[in-house]
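Listed in order, the protein sequences are those of chains H, X and C. Under our numbering, the first residue of the first sequence carries the number 929, and numbering increases by one thereafter. Under our numbering, the first residue of the second sequence carries the number 715, and numbering increases by one thereafter. Under our numbering, the first residue of the third sequence carries the number 5, and numbering increases by one thereafter. The beta carbon of each residue, even a glycine, is placed where N, CA and C say it ideally should be.
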Amino acid sequence: MEERNYICTACPMGCKLIVRMEGEEVVKILGNRCRKGETFGRQEAIAPQRMLASTVRVPNGFHPLLPVYTKGSIPKRKIMEVLEKIRAVEVTAPVKAEDVIIANVIGTGVDVIASRDMPAKN
Amino acid sequence: MQEKYDYIVIGGGVVGAMIARWLSRYEGRLLLIEKEADIGMGCSSANTAIVHAGYDPLPGSLKALMNVRANPMWDQLAGELNFPFERRGDFVVAVGEEELPLVDKLMQQGIKNGVPGMVMLDAGEMRSRERDINPDVSGALWATTGGICDPFQVTVAAAENAVINGATVLLNTKFEDFIWEGSRVIGVKTNRGDFFSRWVINSAGIYSDAVMHKAGVRPEFFIKARKGEYFIFDRAEVQIHNVLFPVPSSRGKGILVTGTLHENTIVGPNANVIDDKEDTSMTKEGMDELLDGAKKLIPSLNLRHSIANFVGLRPMGNGPCYTPGINYNNDYVIEVPSSVQGFVNLGGIESPGLTSAPAIAQMVVDLMKDAGEEFVAKKDWDPIRPARPRFAHMTHQERRLLCDMDPRYGRVICRCENVTEGEIVSEIHAPIPAQTYDAIKRRTWLGTGRCQAGFDMTRVVAILARELGVSPFEISKRGDGSEYLYRTTKETEVANVN
Amino acid sequence: MLIKKQYDVVVIGSGPGGLAAAIDAKKGGADDVLVIERDVELGGILLQCIHNGFGLQTFKEDLPGPEYAQRFINEAKALGITFLLDTMVMDVTSQRKLFLSSRDFGYLEVNAHAIVLAMGCRERTRAQVRIPGFRPNGVFTAGTAQRWVNVEGYMPGNKFVILGSGDIGMIMARRLTFEGAHVERVLEIQNYLSGLSRNYVQCLEDWGIPLQLNHTIKKIIGKNRVEAIEAVAVDEKWNFIPGTEEIIPCDTLLLSVGLIPENELSKKAGVALDPVTGGPFVDEHFQTSVPGIFAAGNVVHVYDLVDYVSMAGSEAGRSAAEFALAEKARAARYIPLVPGKNVRYIVPHKLDKKALEKGDISLQMRVTKPIEEDVWMEVRGENNSIVRRSERYVRPGEMVTIVLKPNMAAEVEKTGKLTVDIYPKSEA
């Protein structure tokens, strides 16, 4: 039996969770004060997810970078790979907020979308 | 860039700049070389900004002579060169009865030095002039000829006037050695090539000992760095209008507290001799020393209100007293040495160096005359260095007219100190161009306010890159090796390794 | 663009506080709403906060900062609010006059019936925490670095140490790591985390960036550029513990040591500031000690969630609009008193029509020349006569008084101005 410690990030409370594992299976979750904490603890122990935000190059844009984010969380272990994909992308202005920049990035089922409008440099 | 000059000045501090200004009055090709990325980056921009009355230096010393001679020159100089200067008078404040005789001693010394306009004040009079002064004040010496200036503006104004009158100023140009013809100096070797001249003047500040030793002059003369640390206070929280000197006594050495022409209050300097001539670091012990000492004069001072600090290294030389027979070993060296021709040697120009600079420049010219140099006055010599507009000091009406004239003056870049893009651009294209962030900061006072460049930094870097026509990666704080940016966000290779 | 001399509500700052205030001022009935922004675009500090965590309350979505701002920007534009970008407010008076400076519009004077201060915060500086050592390049506040990395597209270093475990510092630790830099250490002088524990997990723990509580910086090393920092442990009184020093080589030090509400303009307007928050004293409508001047957002105190900033902005904007409309209504009730035939001046110069309902109003005046015969002194409206009184003579040396009474209020109400004529009865 293994005991893992996590700080829950489902809400700003930050409960200290203890997740008991038997192999790859979650046996018990302690320390949570609500159901969201239980869900979080389970997810975090088995397949942690994260929201990801970064920027892409937009050479003809009002600014040289466009902020982007994943519309939904992606597996934590895939973050570096997604960042590489984002780094390779170049976008042409004008762009509107929520325009899809990379659809279904590396097969996660999650799109990388624009965080804001970006007009072209005039 | 030519190679042959009549006069070469080594060092672009306030003394070198003044010498250049004085020499530029006469026919002759003049070159000033400065090893840093801007003029005045040494002690000249890290001092207390005081134009001293002259009671402090020892009677008989060259310091005293230069100080008292120079002090009355400042009004005309400020008018011609258009730098900020105010004759506010300074106060040497006695705390406790036991300090009064010491203050009186200073007054007597001042009288001996020929300082006019000194008055003794009693405790009540001093309290009425400075509301927050230590309640134990017992009296003060009021030297009415004391003043304050903006020392960097003085340096840049003098150097710009020299340039307006035909001088060349080369930055990033470091003296390496002399070029000889027998026992005559005929030029200098620098990191940017050789330059020839009939005269070379050593005003290299803290390294003037190294320079004169290369000429074989005064091998026994050495300069030590005397570190002076300072705090600057928020003008909204601390308003000391006066220049307040302490008297060293058993009560403590005390630390100077003074208002400045930027309406800040500064506290400092302390004075600790150090070995490393490059050590401009602020120390914890120094910070404590400053606050303890300043509280002797203004007990209510609180470090919570300090917004910045800086350090100056004063060149303390071991020159013998100008008047023979006086036991004093920290006097100025200003001479045309007999062992070398074509060389004017200066060393150890610490306080009252800023004050004395115009008199020192005149003395250099006089010494050269005595040594046979025949100066011919330029017919078209222009004593005026025009002022450039300062948005911060203008009325609403004046600002409107300025913006109408040039819209770049409408774009405020430094929010805390109200400095506009127009001013920044005009300093980048001035007779001595500002090419680094600190150069613009010294000239415009940008970035010195409460947010300490938090708002303006990224914008100034962009403006500098644009106006100088270089990549933003080349923009630095104070010259090579102090660049801001390393690479673009999306590059993975490091583009800029120092 | 035509910039008016008078606006109903002027909002200073277009961050989340300012935009919400402008929107709700407009929705609250203020016709002319002006937003002044010193940056080149709307959105304030949110534009560089590209990470998620914004909007959970307002939109029930987890948005990055720029998108949160974009929603408000879109609504503000749709409402026809006027924006001045790249424009700095130089001065605000307690009479609600503003002086503005910009390259595109010049140096302007604008009046407001109500003002909302929404200037946000500035960051605490190195000098304010008095870190000893050299003053090389490479010491930046976390926010300055954030602007370079996220907006302008530059990395200001390769190897970072961060002082302060505030949210901005932790967020930047992750951001820099994502962009290929190395964050060596985060140092926090307190014995507790300064920011949200969520950020500790997702920014530091996830990426193996060590956090040292009870630590600070003893000195900065490097003359032209940072070369290293000397970290040291501290006791509960923040004294250095000898023997715990550690030199950490790096080329950049980021400071995340606190935010200070930016109240320079508030001071100019005579707004009273609370020394504890650093921001203005405000009531439940976010009105400051100066009538008609409101404040919202981080300029009042440092918030944790942007959603609450928007709520405060909305309240301030609504209240500002209410104040402005009341001011205008009051101003509209004023009518001028115009000197007519043979009258040199009248005091008062204007009167509030409503005031006449409550009591007498004396008009005092002087004539331009002596008339040594019977005269009529007549007060008339644009299309009606209010009152007429006779006198046996009038002279410039003697003040003349005509009293308006409440029973005249109904007639006065019909007119937009009152004129007083004094003329000989023989000319009637």
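Two segments are said to touch when three or more pairs of C-beta atoms, one from each, lie closer than 8 Å; by this definition the region 977–990 of chain X touches the region 935–948 of chain X. By the criterion of at least three beta-carbon pairs nearer than 8 Å, the region 244–262 of chain C is not in contact with the region 270–277 of chain C. Sequence-ordered contacts of the region 997–1024 of chain H with chain X read R1015 [C-beta pairs closer than 8 Å]. Distance from the CA of Q206 of chain C to the CA of K1004 of chain H, rounded to the nearest whole angstrom, comes to 10 Å.
Considered as a whole, the region 728–786 of chain X harbours 744–747 as its complete beta strand (DSSP E) runs of no fewer than 3 residues, in chain order.
Listed in chain order, the non-local C-beta contacts of P1145 of chain X below 7 Å within the same chain comprise E874, V877 and I878, local neighbours out to five positions each way being set aside.
A Cβ of chain H is located within less than 8 Å of the beta carbon of K1204 of chain X.
With a threshold of 8 Å between beta carbons, L993 of chain H makes contact with chain X. Your pair S917 of chain X and G727 of chain X checks out as a contact, with CB atoms roughly 7 Å apart and the cut at 8 Å.
Distance check between K429 of chain C and each of C:L360, C:E250 and C:W380 places C:W380 closest, using alpha-carbon atoms only.
For Q150 of chain C, no chain H residue has a C-beta closer than 7 Å to its own C-beta; the minimum C-beta separation is roughly 11 Å. Residues of chain C whose Cβ lies closer than 8 Å to the Cβ of M1001 of chain X are, in chain order, R134 and P136. Within the region 92–123 of chain C, no residue places its CB atom closer than 7 Å to a CB of chain H. Around the beta carbon of N1041 of chain X, a 10 Å sphere encloses fewer than 16 other beta carbons of the protein chains shown; the residue is thus reported as exposed.
In chain order, P136 make up the part of chain C whose C-beta sits under 7 Å from the C-beta of T997 of chain X.
By the Cβ-count criterion, I974 of chain H is exposed, with fewer than 16 other Cβ atoms from all chains shown falling within 10 Å of its own Cβ. Taking each of X:K1191, X:V1090 and X:I1138 in turn and checking the Cα distance to E741 of chain X, the smallest one comes out for X:V1090.
Of the residues assessed, D1084 of chain X falls on the exposed side of the cut-off, its CB having fewer than 16 other CB atoms within 10 angstroms.
Fewer than three beta-carbon pairs drawn from the region 303–319 of chain C and the region 340–351 of chain C are found closer than 8 Å, and the two stretches are therefore not classed as touching. In terms of beta-carbon proximity, G296 of chain C stays away from the interface with chain H, with every pair separated by 8 Å or more. Here G247 of chain C is exposed. Its C-beta has fewer than 16 other C-beta atoms within 10 Å.
Contact of A981 of chain H with chain C is assigned, a C-beta pair being separated by under 8 Å. In the DSSP assignment, M92 of chain C falls within the beta strand (DSSP E) that extends over T91 to V96.
T1020 of chain H sits in coil when the DSSP states are folded into three classes, being neither helix nor strand. The beta carbon of L200 of chain C falls within 8 Å of a beta carbon belonging to chain H, placing the residue at that interface. Residues of the region 355–389 of chain C with a Cβ closer than 9 Å to any Cβ of chain X: none. Between the C-alpha atoms of R126 of chain C and T148 of chain C there is a straight-line separation of about 10 Å. Taking the C-beta atoms as reference points, N978 of chain X is found no nearer than 8 Å to G1000 of chain X. For the set C:Y196, C:M123 and C:P140, the Cα lying nearest the Cα of A232 of chain C is the one of C:P140. D1045 of chain H has a beta carbon lying within less than 8 Å of a beta carbon in chain C. Residue nearest to M949 of chain H within the set H:C939, H:P940, H:R970 and H:V1019 is H:R970 (criterion: CA-CA distance).
A straight line joining the alpha-carbon of R396 of chain C with that of I375 of chain C spans about 9 Å.
The beta carbon of I350 of chain C is closer than 8 Å to those of L341, V342, P343, L367, Q368, M369 and V424 in its chain, skipping five residues each way along the sequence. Q74 of chain C has a beta carbon lying within less than 8 Å of a beta carbon in chain H.
Annotated three-state conformation of G824 of chain X is helix, per DSSP.
In the three-state scheme derived from DSSP, where H, G and I count as helix and E and B as strand, F63 of chain C is classed as coil.
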